[in-house]
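Protein chains in written order, with my numbering: chain A, 1 to 449; chain B, 450 to 621. All C-beta atoms in this analysis are idealised placements derived from N, C-alpha and C, irrespective of residue type, glycine included. All of these numbers come straight from a predicted model, not from anything done at the bench. Here's the structure we're looking at; comments come further down.
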């Protein structure tokens with residue numbers, strides 16, 4: 001006799017501890033290599049760093065054992081590893097800026113602060129939010145909060161314009177990007193709205209060209225919020241964020257209704273918008289030029305594709321195994337610590353390292369989709385799928401832009417790139433995903449095979 | 450530090466990154482592969498037949514690849530179930546003294562990959578030396594010679610049991 005048993009879902013806290021140990025080793029080794037090549041390696045200091053990260057990760061692990069014992073075991077280690085590699089790269093760029101350009105930057109130290117705050121935020125999400133379904137009560141609140149956050153940079157005296165994009169606000173001497181948080185609020189709004197209205201959206205409405213379109217009154221609130229947010233972002237010249245937002249909207253609509261007509265309509269609208277934007281806005285046309293003709297002499301010398309080409313040469317010099325952490329020159333590319341951190345990592349860790357980093361993202365996204373299948377309530381399903389899809393699309397837009405697959409748009413690489421708002425917002429996403437996965441896997445254990 | 454140890458550390462870092470990726474995938478294997486096949490009691494059967502000097506029909510892997518051992522196409526003398534239509538056509542299951550579950554769930558004895566079957570579709574169990582069949586509340590019903598099975602019905606040799614697109618016959 002043979003039996004076929006469905007594998008039991010294990011709580012996985014012990015597996016998480018093991019994986020956390022590996023990520024801890026990655027984080028400490030990255031820092032050690034960077035410090036060694038910058039000739040500032042002090043073993044005592046490294047020891048303190050190792051102790052502090054170990055304590056932070058251990059603390060997070062203990063909190064998970066106490067408050068989210070069934071949560072997914074691989075999310076936390078993967079995110080910690082990405083964060084640690086990012087920290088090492090940013091610190092390494094600080095040294096390079098000081099050495100070659102005489103610029104005194106302290107991105108690395110600042111980013112450590114943001115990372116700790118991010119972990120604390122994720123843990124407080126797990127501690128305070130015991131059931132993700134509570135968020136559904138705040139569907140419309142989340143929609144309004146999201147819009148207000150998108151509006152904030154336009155408020156005179158509060159908003160700051162940097163490099164032609166008006167997406168920052170200045171609070172207490174620090175600049176924040178409220179759009180990063182608005183993204184989460186919007187996913188919550190879409191999930192809450194779609195779970196209530198998906199049946200009317202799918203089944204009721206006139207048929208046109210063989211595709212069924214929803215009635216205006218069902219679609220109204222959704223369209224109003226969507227159009228307002230998109231217009232604001234276009235006005236603030238935040239290309240990457242508007243692309244991301246449009247994609248999240250489309251993805252969640254598809255997950256909720258399973259209508260391929262949505263995807264077709266959305267992509268057609270998007271293609272139309274992209275062409276029109278290329279004709280109307282000079283800054284969009286410049287992006288297209290820099291993408292399609294990156295290596296043309298006149299495009300390059302006009303500075304349009306300088307950054308992109310620099311990043312590509314950096315990655316090429318990295319080759320298969322990279323120059324080694326701290327041994328390349330990623331600082332030659334402008335914004336190597338934020339927009340182009342993927343190119344910096346590609347240069348110093350090579351294709352092998354970059355693929356490992358992308359595989360970590362893949363695992364995180366796969367976990368989000370898996371928990372969306374596992375969780376019982378429709379809101380949780382949509383929320384997890386939305387957050388996972390947002391993450392996947394964001395990584396695609398960034399990496400695609402840097403590797404010249406799509407036009408370059410300024411978005412942050414989650415957990416890797418320098419930037420406080422992005423770090424905090426993405427750690428909140430981790431907290432939410434851990435909370436949903438706790439619910440999903442707990443119910444799987446109760447039922448059993 | 451010497452050049453060689455730095456180079457080793459440089460590659461060690463890449464190996465460590467991939468170690469994390471592969472370890473994470475190993476932790477997730479339950480989710481990725483879904484079910485686990487364990488052969489139960491094979492050792493005991495093999496020992497017994499070795500003592501009698503019989504040749505044991507080696508377990509053949511069925512077309513679905515899910516199950517080994519329990520479905521044998523060799524043993525024709527004992528009572529057995531034969532699948533005559535459907536995706537598992539040609540498979541036989543020897544009937545012992547234990548009841549048999551038929552359905553789509555991987556925990557069933559006879560796992561049928563058929564959209565018209567329920568997860569646990571019907572049960573075939575021994576009673577008073579014969580066999581009975583009962584429907585387990587399936588969506589599309591179980592039919593014994595074109596008669597719907599509501600209460601447990603006797604399942605005689607040569608009867609045709611239809612569930613979804615699959616027909617099962619009691620033989621031997």
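A direct Cα-to-Cα measurement between residue 128 of chain A and residue 216 of chain A gives close to 38 Å.
In the three-state scheme derived from DSSP, where H, G and I count as helix and E and B as strand, residue 561 of chain B is classed as coil. Collapsing the DSSP output to three states places residue 177 of chain A in coil. The DSSP-derived three-state label of residue 24 of chain A is helix. Using a CB distance cut-off of 8 Å, residue 353 of chain A counts as an interface residue toward chain B.
Contacts between residue 26 of chain A and chain B, judged by CB atoms closer than 8 Å, involve 462, 465, 466, 469 in chain order. Contacts between residue 325 of chain A and chain B, judged by CB atoms closer than 8 Å, involve 459, 462 in chain order. Note that the C-beta distance between residue 379 of chain A and residue 133 of chain A is below 8 Å. Cβ-Cβ separation between residue 75 of chain A and residue 430 of chain A: approximately 6 Å, consistent with a contact (criterion under 8 Å). For residue 568 of chain B, the nearest beta carbon of chain A is not closer than 8 Å to its own beta carbon. Under the Cβ criterion of 8 Å, residue 612 of chain B is not counted among the residues facing chain A. Assignment of residue 130 of chain A by DSSP, reduced to helix, strand and coil, places it in the coil class.
Non-local C-beta neighbours of residue 145 of chain A in its own chain, meaning closer than 6 Å and more than five positions away in sequence, comprise 185, ordered along the chain. Within chain B, no residue has its beta carbon less than 9 Å from that of residue 154 of chain A; the closest one is some 42 Å off. The C-beta of residue 544 of chain B comes no closer than 8 Å to any C-beta of chain A.
Cβ contact annotation for residue 351 of chain A (same chain, cutoff 6 Å, sequence separation greater than five): 320, in chain order.
If you look at residue 348 of chain A, you'll find it isn't in any beta strand (DSSP E); it sits in the alpha helix (DSSP H) that goes 341-374. The DSSP-derived three-state label of residue 529 of chain B is strand. Following the DSSP letters along the chain, one finds residue 166 of chain A inside the beta strand (DSSP E) bounded by residues 165-171. Between the region 268-279 of chain A and the region 301-310 of chain A there are fewer than three inter-stretch CB-CB distances shorter than 8 Å, so the stretches are not counted as touching. By the neighbour-count criterion, in which a residue is buried when 16 or more other Cβ atoms sit within 10 angstroms of its Cβ, residue 48 of chain A is exposed. Burial is judged here by how many other beta carbons sit within 10 angstroms of a residue's own beta carbon; residue 405 of chain A has fewer than 16 and is exposed. For residue 584 of chain B against residue 599 of chain B, the beta-carbon gap comes to about 7 Å, under 8 Å, which counts as contact. Its chain contains 169, 178 as the residues whose beta carbon lies nearer than 6 Å to that of residue 152 of chain A, once the 5 sequence neighbours on both sides are disregarded; these appear in chain order. DSSP places residue 16 of chain A within a helical segment (H, G or I) once states are collapsed to three.
Taken in chain order, the members of the region 10-35 of chain A whose beta-carbon sits within less than 9 Å of a beta-carbon on chain B are 10, 12, 15, 16, 18, 19, 22, 23, 25, 26, 29, 30, 32, 33. A check of alpha carbon separations from residue 417 of chain A across A:88, A:19, A:232 identifies A:88 as the nearest. Among the CB atoms of chain A, one or more fall inside 8 Å of the CB of residue 477 of chain B. Sorting A:228, A:114, A:187, A:147 by C-alpha distance to the C-alpha of residue 174 of chain A places A:114 at the top. Between residue 325 of chain A and residue 371 of chain A, the beta carbon gap of about 33 Å keeps them out of contact (Cβ cut-off 8 Å). DSSP places residue 276 of chain A in the helix class (H, G or I) of the three-state scheme.
Using a Cβ distance threshold of 8 Å, residue 201 of chain A and residue 252 of chain A do not count as a contacting pair.
Between residue 192 of chain A and residue 142 of chain A, the CB-CB gap stays under 8 Å. Between the alpha carbons of residue 56 of chain A and residue 545 of chain B lies a gap of roughly 58 Å. Taking residue 400 of chain A as the centre and dropping the five residues before and after it, the same chain places the C-beta of 406 closer than 6 Å to its C-beta, in chain order. Not a single CB atom of chain A sits nearer than 8 Å to the CB of residue 531 of chain B.
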